[in-house]
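Residue numbers (our numbering): 104 to 313.
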């Protein structure tokens, strides 16, 4: 059985969702952040980066959420979350990586300056700039899904799952999805899946679902 090191308020959410979507049995070891969890000597022996998620699949230990999701989808979801065409695979990889390097990075910085930082160190100029970058990313997604309703081909793939999980954090960046009706509907549908409801803590997805 796969062992997942994570917690409900981390990037382990996307891994847990993938496992739930594919009905793959797993055991989660709740792992706190900090010296008692990810920073402990015991955990650093598993992942020297001292962060979650990590999986152990029959002795294969992997860290970094997107490579984990891609591995799981290709191994356990070849007929569901993955694709069999090399061109489709390239697009799937493109959006999966973009979700981290572009979408999530801008959501994260905007969220820090609008939600998480103490007000004394928030920078409105940084917040405005990063909100603008988030809006640019959302426009890209709105266009990308307009033909089929999905990022790759005509079915829900691991790329859609990763992007949708990242978008659960857009509320903290104070960006409204209403100007993007296709994307808003796409996200509502994806997060309404039974697998998503099993994977997320209610207070993570309820603000997005409304």
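Just so it is clear, CB atoms sit at the ideal spot from N, CA and C, and this is done for glycine as well.
Between residue 268 and the set 198, 139, 284, 129, the nearest pair of CA atoms involves 198. Membership of residue 146 in the alpha helix (DSSP H) is indicated by the continuous run 144 to 147. In terms of Cα proximity to residue 277, the closest of 171, 169, 170, 238 is 238. The segment 118 to 133 and the segment 294 to 310 touch, with three or more beta-carbon pairs separated by less than 8 angstroms.
For residue 265, the uninterrupted alpha helix (DSSP H) run begins and ends at 261 to 270, by DSSP. The three-state secondary structure of residue 211, taken from DSSP, is helix.
Bridge partners of residue 250 according to DSSP: none are assigned.
For the 9 angstroms CB-CB criterion, residue 256 and residue 182 do not form a contact. Look at the segment 150 to 205 and you find these whole runs of alpha helix (DSSP H), each 4 residues long or longer: 168 to 179, 189 to 201. In the structure shown, the three-state DSSP call for residue 309 is helix.
In terms of CA proximity to residue 240, 208 leads the group 260, 208, 187.
In the DSSP annotation of this structure, the continuous segment of the beta strand (DSSP E) that includes residue 129 starts and ends at 129 to 133. Rounded to whole angstroms, residue 140 and residue 134 show a C-alpha spacing of 5 angstroms.
Bridge pairing for residue 109: 133 [DSSP].
The alpha-carbon of residue 155 is positioned some 16 angstroms away from that of residue 303. Secondary structure note for residue 290: its alpha helix (DSSP H) is the uninterrupted segment 284 to 294.
Apart from the 5 residues on each side of it in sequence, residue 152 sits with its Cβ closer than 7 angstroms to the Cβ of 166 in its chain, given in chain order.
About 20 angstroms separates the CB atoms of residue 149 and residue 112; that is not less than 8 angstroms, and the two are not in contact. Of the candidates 281, 126, 205, 205 places its Cα closest to the Cα of residue 266. Residue 300: member of the alpha helix (DSSP H) spanning 297 to 302, first to last residue.
For residue 121, the enclosing alpha helix (DSSP H) starts and ends at 115 to 124.
Across the set 289, 274, 168, the C-alpha of 274 shows the shortest separation from the C-alpha of residue 212.
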